[in-house]
Structures are given as structure tokens and as C-alpha cells.
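Start counting the sequence shown at 667; every next residue gets the next number (this note's numbering).
Ideal Cβ placement from N, Cα and C applies to all residues, glycine included.
Note that this is a predicted model, so its numbers are computed, not measured.
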Amino acid sequence: MKKYVLLFSALFVLSACQLGNNDSKDSTTKETASATVKTSSSQVSSEKNTSSSSSSTNSSTTSSSKTANSSATDSTHSDHSLSANEELKANYPNDQFPDPTTISSGKQIGITASEEQGILKVNYYIVDKETPFNDASLNNQTPIAQYQRQTYASNAEAQSAVGQNYDPNGQQVDLGHNITGYQNSGAGSTYLTWKEGNWSIGVQANNLEQENPVPFAKQVVEYLEGAFLPVPQTVGQISLRVSASDYQSNRIAWQNNQAVYTIMNSDGMNGLKMAVSMAQ
């Protein structure tokens, strides 16, 4: 009986030892596996961070590239500047201006403008190439034409500033289209005047140059038969010369309330075309 007990006890101890060894192996295996998993997770996390960093860098690079491209586009767009006449209109959006193509046939026009004490002056120049608005290169040149807008304290002052001049007591001249002009001479010149609506129109000829005002006056009447001038509120005055001279020699002025609009051009017919373009 004792033998059986001792044998059984020995078997029990041996079995327990084997179980202990297996548990130890399992624990070691589990720890090794856990470490392997952690290592793999760390590697995956590291790879994700590396990939994320790379993606962020690429995104930043792409964003910078887009910004650079956008800036380049804006810069290119800003290089396409407005024409001088468009720039003039942009600076004075509440004003109307003559069509620059009427100022001098087939010529490139440069423009400057300034406004002081209620007087807006726009000067037009003949240039060799397209010139920016208010370009400094125009400062020492003589304008071929000028447009003005001046505001007065009252309608009466504005009407007086127009300087309407009409004398119906001279020699009658048939100018066509049922219009009669009146011719007078004095101070080395011959003047031929007539009226169309609220406009008084006069042509001056130089006697020393033996100029005759009638042919030019008839040309003006013929042109105005098919073209329409701005309508003055009360008075308008057109003063032209037979021969082209400086831009101040031909003057077209009309009144609207307290404002007087004036066009001057070295060529009388071009001056009329400038005025007509403002009525369209």
C-alpha cells in the first residue's frame, strides 16, 4: 500500500513539474508574441507617420505651387493695363468724354487729365505708340485737343461763360438747308455767323491770307445736317477758323445747369466730331 502511495505521489510531483514548465513556456511565448506585436504596431505607426509627413509635405508643396501659379496669373493679368481712355473713364466714372477716335483721324492719342477747383481738364496728344494715361512723357508736349468741364456758382454764370456770339446784321449768305448766315468784317478777319437751335455758330477767315469763310461754313452746315450735337440747356457756342491752328483756336462750348462743357481742337471739323460723339 505504501508503495502505491509513494508511486502515486511521485507521479503527481512529476506531472506538476511538467505543467509548471509548460506554463513557463506559454508565458514566455506570450511575452515574445506581445513584444512582436508591439514592435509591428510601432513599425506600422512609424510608417503611417512617415507617410503622413510625406503626404503633408507633398500637400504643402502642391499648395505652394498653386499659390505661386495663382500669383503668376494675377501678375500676368495686371500686365494687361487699361487703355488711356479706359483709365480716364475709370478715374472719372461720373463724366462723359469725347470718343478719342474723333480727335485726329488715324492718329494714336495720348491722354492726361487733372481736376482743380471744380475744373476738369483733359488734354489729348498725338503719340507714336500707345502711351499710358497721365504718362510723364506727355508733360512737355503741346496738346492737339482739350476737353473741359467747369462748374459755376449759378446757371446765369454758366450761360455767360459760354460766350455766345451772334450778329444777324451783316451780309446775308445762303449756307444751304434753309440756313442763312450773316457775314461781317473787322480787325483783319471776316466772320460768318448763323444759328441752329440753341447753338450759335461762327466761322472766322483771315483776310491777310485771303481766306473765304463761306465754303467752310457750308461744309459745317452739311455735316451738322446728318450729325447731332449735344443739346445745350440754354446756350451753346461754336467758334471755328478756316485754317488749322493751335488747339485753342477752335472752341465748342455748351451749358447744362451750372456746368459748361468745352471742346477745343486744332482742326475745326475734328472738334465738331468730338462734340457729336458726346451726344451719342
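- LEU906: member of the beta strand (DSSP E) spanning 902-907, first to last residue.
- Bounds of any alpha helix (DSSP H) do not take in LYS787; it lies within the beta strand (DSSP E) bounded by 785-793.
- Going by DSSP, GLY852 is part of the beta strand (DSSP E) stretching over 846-852.
- In the structure shown, ALA756 adopts helical secondary structure according to DSSP, grouped into three states.
- If you draw a straight line from the Cα of VAL793 to the Cα of SER932, it is about 16 Å long.
- Under a 10 Å Cβ-count criterion, PHE763 is classified as buried, with 16 or more other Cβ atoms of the shown protein chains found around its own Cβ.
- Separation of ASN878 and GLN825 (C-alpha to C-alpha, rounded to the nearest whole angstrom) is 30 Å.
- The criterion of a C-beta distance shorter than 8 Å is not satisfied by GLN849 and LEU841.
- Among the bridge pairs identified by DSSP, GLY868 is matched with THR859, SER905.
- Per the C-alpha coordinates, the member of LEU786, ASP801, GLY902 positioned closest to ARG815 is LEU786.
- Beta-bridge partners of VAL839 (DSSP): GLY847.
- Taking each of ALA802, ASN844, SER803 in turn and checking the Cα distance to LYS861, the smallest one comes out for ASN844.
- A residue is called buried when at least 16 other Cβ atoms come within 10 angstroms of its Cβ; LYS795 does not meet this threshold and is exposed.
- In the structure shown, the three-state DSSP call for MET930 is strand.
- The beta carbon of SER771 is closer than 6 Å to none in its chain, skipping five residues each way along the sequence.
- In the three-state reduction of the DSSP assignment, GLN807 falls in the coil class.
- Here ALA941 is near ILE929, since their CB atoms are less than 8 Å apart.
- The DSSP-derived three-state label of SER820 is coil.
- Check the Cα spacing between TYR790 and each of GLN870, SER803, ILE769: the tightest is with ILE769.
- Bounds of the alpha helix (DSSP H) holding GLU888 are 879-892.
- DSSP, read as helix, strand or coil, puts ASN936 in helix.
- In this structure, TYR913 places its C-beta atom within 8 Å of the C-beta atom of ALA811.
- Non-local beta-carbon contacts of ASN873 in its own chain, meaning distances under 8 Å to residues more than five positions away in sequence, involve SER851, GLY854, SER855, THR856 in chain order.
- Rounded to whole angstroms, the Cβ separation of GLN903 and GLN830 is 5 Å, and the two are in contact under 8 Å.
- In this structure, GLY934 sits near LEU906, with a CB-CB distance shorter than 8 Å.
- Under the three-state reduction of DSSP output, ALA925 falls in the strand class.
- Annotation: PRO766 to PRO798 spans about 14 Å, alpha carbon to alpha carbon.
- Of the candidates VAL908, GLY892, GLN899, VAL908 places its Cα closest to the Cα of GLN876.
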